[in-house]
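Residue numbers for the sequence shown, in mature numbering (1 follows the signal peptide of the UniProt record, and there is no 0): -20 to -1, 1 to 131. Glycine residues also receive a C-beta, built at the ideal position from the N, C-alpha and C atoms. Predicted model, so just to flag it, every value in this text is computed and none were measured.
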Amino acid sequence: MKLKLIISAFLSVLLLTACNNDKVENPPENAPAENQNNETSNEAAFNFTNFDLEVEYKDNITIDVDYENEKNGMEAAYQDDLADQNLTSDEAMEKLTPIFEGLSFDQNTEDQEVINQVKDAFSVEDNYQKIELEIKFPDGTEKEYSETKTQ
């Protein structure tokens, strides 16, 4: 009886640790991690360490992208209600890597240019209501971008 209880507890813990984990097990090479020195980040795959995008449409339809690459690991999630996709972890990175590689902005790029690149990269449809974007660059600079459509 005691053995069954121990095995049951162990399996429960194992199951819980596997649930709801956005951690990327196979991160892209050269993706900059937060607080890396600038020499390494100049050759990085992406121009940012954190990327948080939310595009809102009518009827609570959204595109939601979350990417964090910090010293303790990388996490990624991609949700697109229009395309009925909800990806996490490595699946999300497979989707996001080619999109992120196509983005060429940095912390000095004009806000509207950043928004335009992101809208193009994620194929944002013209009927969106609001775009909110938060980015953290490898040098530690954090920037917020937003655009609300008037209708």
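Item                                                                                    : Value
For S69, three-class secondary structure by DSSP                                        : helix
Test item: CB-CB of T42 and E36 under 7 Å                                               : yes
Spatial distance of Y125 from N49 (CA atoms)                                            : 20 Å
Cross-strand partners of D100 (DSSP beta bridge)                                        : Paired residues: none, contrary to the question.
Identity of the residue in D61, D32, G53 nearest E105 by Cα                             : D61
Same chain, Cβ closer than 6 Å to K110, neighbours up to 5 away in sequence not counted : E36, T128
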